[in-house]
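Asks: full-length UniProt numbering numbers the first residue of the sequence shown as 1 and each following residue consecutively.
Right, I'll just put the structure down here and ask away after.
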Amino acid sequence: MRIDGVWHRSVRIDEADGWSVRILDQTRLPWAVEWLRLVDEDQVAHAIRSMQTRGAPLIGATAAYGVALAMRRDPSALEGVCAMLAETRPTAINLRWAIDRMLGALRNLPVQDRTAAAYAEAAAIADDDAATCEAIGRNGLPLIAEIAARKPRVNILTHCNAGWLATVDWGTALAPIYMAHDAGIPVHVWVDETRPRNQGAALTAFELGAHGVAHTVVADNAGGHLMQHGQVDLVIVGTDRVTRTGDVANKIGTYLKALAARDNGVPFWVALPHSTLDMRVGDGVAEIPIEERSPAEVTDLTGRTADGRIETIRVAAAGSPAANPAFDVTPARLVTGLITERGRIPATPDAIAAMYPEKAA
Ligand code: MRU
């Protein structure tokens, strides 16, 4: 990712001390670019729960570094630390995937060898995510290039944030868009604001702006209208969990975009790394746990005042209760296809099993 011309990863080891973990505080974006320093597993857990760091692949990689920080203090605490970190958010399967990978790498090692191995495994997870997302970008690029061959500008709608702020680098849904832009293809992105936490308006718009990609923030409810009027060529979203049948969990509101896309004949693509596949789940609507977050995220809004203060104000009527399901599930039948690091496939059980035979086994 590029901020002010400098390339960063969304999670990294602190260059000065060589062991603590740096993340961008995403609760402060887009108003302030602040790198937090995390020194133990409790700070990592807090950062994930409070969404200082977020996005399915990124919380997996950050949790892996959280295990490394914990091993530094007490390498005998492996199982308890992993159980604690795995509980921080329930929907994104990448978190459990990363924790399971750490457990697999460390469990059978003598305690004195665990710290170095944990840092190495966390770094491997981060490297894997960056390379995977880059490959997703390459595999999604032709979808945009095909449209560009017959239109002067490609209009893409995306929901939430599935860019480099949600991964170690590149992003999933946004990776093909960055590559198209870098290849000189005129792209324009409709950015759903993504209430209640506004990951679109705050984070996706910030990322696209930093990369110089043309974009327009729209209210969440505008997508159907834009599609009816031929202003969306393609929808690309990220995901927090894809089942073996191709059902897709993603930020609340994704399902409504898929319905509108189907009604208007707009292709609806989902970008995902291998770590987002959950082959144990068949029926996404029935089986994927949906995170319920604080009602305050719905009743309140945070923004920057004209004099530069970051403030939260209530926008809902005083005393009215609110509900806050953070994700929904788009059934596979509404998904045009999946963009993976291995290629593009239909969202069907056979295609998924054939693309990932080692997971199907
Ligand atoms: O609650 P968040 O902000 O962590 O939700 C993130 C999303 O829904 C993303 O679309 C998803 O994690 C894919 S990120 C590459």
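C-beta atoms are modelled at their ideal positions from N, C-alpha and C, and glycine is treated no differently.
Given a cut-off of 8 Å, decide if P57 and P289 are closer than it, judged by their beta-carbon atoms.
Replies: no
Asks: Return helix, strand or coil for K257, following the three-state DSSP convention.
Replies: helix
Asks: Touch check for the segment 279–288 and the segment 236–245: three-plus C-beta pairs under 8 Å?
Replies: They touch, by the three-pair rule.
Asks: Pick out whichever of V270, A316, G337 has its Cα sitting closest to the Cα of T172.
Replies: V270
Asks: Measuring CB atoms only, is the segment 121–139 touching the segment 209–228, in the sense that at least three cross pairs come out at less than 8 Å?
Replies: Contact between the segment 121–139 and the segment 209–228 is absent: fewer than three C-beta pairs spanning the two stretches fall below 8 Å.
Asks: Drop a sphere of 10 angstroms on the beta-carbon of N108, count the other beta-carbons inside from all chains shown, and report buried for 16 or more, exposed for fewer.
Replies: exposed
Asks: Tell me which residues share the same chain as R293 and place their Cβ nearer than 7 Å to its Cβ, disregarding the 5 neighbours each side in the sequence.
Replies: N324, A326
Asks: Does the segment 87–99 come close enough to the segment 60–74 to have 3 or more Cβ pairs within less than 8 Å?
Replies: yes
Asks: Do A70 and D40 have their beta-carbon atoms positioned less than 8 Å apart in this structure?
Replies: yes
Asks: For G66, which of helix, strand or coil comes out of DSSP?
Replies: The answer is helix: DSSP assigns G66 an H, G or I state.
Asks: To which residues of the same chain is R195 closer than 7 Å at the C-beta, ignoring the five residues directly before and after it?
Replies: D220
Asks: With a CB to CB cut of under 6 Å and the five nearest residues on each side skipped, what residues in its chain are close to F206?
Replies: L29, P30
Asks: Inspect the CB distances between the segment 44–55 and the segment 75–90 and report whether three or more fall short of 8 Å.
Replies: yes
Asks: Compute the Euclidean distance between the alpha carbons of D350 and V232, then round it to the nearest angstrom.
Replies: Rounded to whole angstroms, D350 to V232 spans 30 Å at the Cα level.
Asks: Determine the burial state of R96: buried for a count of at least 16 other Cβ atoms within 10 Å of its Cβ, exposed for fewer.
Replies: buried
Asks: So, using beta-carbon positions, are N250 and G265 closer together than 8 Å?
Replies: no
Asks: Shorter than 8 Å from the beta carbon of N264 to some beta carbon of chain D?
Replies: Checking the listed chains, one finds no chain D in this structure; it contains a single protein chain.
Asks: Please give me, in chain order, every unbroken run of the alpha helix (DSSP H) with length at least 4 that falls completely inside the segment 279–337.
Replies: List check, alpha helix (DSSP H) in window: 284–287, 296–299.
Asks: From P110 to I339, what does the alpha carbon distance come to, in whole angstroms?
Replies: 40 Å
Asks: Excluding sequence positions up to five away, which residues of its chain have a Cβ less than 6 Å from the Cβ of A258?
Replies: F268, T330, L334
Asks: Residues bridged to R89 by DSSP?
Replies: Answer is none; R89 lacks a bridge partner.
Asks: CB of Q199 to nearest heavy atom of the ligand MRU: below 7 Å?
Replies: yes
Asks: Among T115, A83, G137, A149, which one has its Cα closest to the Cα of residue 383?
Replies: Only positions 1 to 361 of the chain appear in this structure, which leaves residue 383 out of reach.
Asks: Is the CB-CB distance between T158 and T204 below 8 Å?
Replies: yes
Asks: Got a sec: does the ligand MRU put a non-hydrogen atom nearer than 7 Å to the Cβ of N54?
Replies: For clarity, residue 54 is Arg in the given sequence; the question names Asn instead. Yes - the ligand MRU has a heavy atom lying nearer than 7 Å to the Cβ of R54.
Asks: What is the residue span of the beta strand (DSSP E) that D192 lies within?
Replies: Residue range 187–192 is occupied by the beta strand (DSSP E) that includes D192.
Asks: What's the gap between the Cα of T305 and the Cα of S10?
Replies: 27 Å
Asks: Note down the Cα distance separating G319 from D300, rounded to an integer number of angstroms.
Replies: 12 Å
Asks: Report whether the distance from the Cβ of K251 to the nearest heavy atom of the ligand MRU is below 7 Å.
Replies: yes
Asks: Just to confirm before moving on: does the CB-CB distance between D192 and G253 stay below 8 Å?
Replies: yes
Asks: Pick helix, strand or coil for W31, following the three-state DSSP scheme.
Replies: coil
Asks: Can you give the beta carbon distance from N139 to G343, rounded, assuming they're within the 8 Å contact cut?
Replies: The Cβ separation is near 6 Å, so the contact holds.
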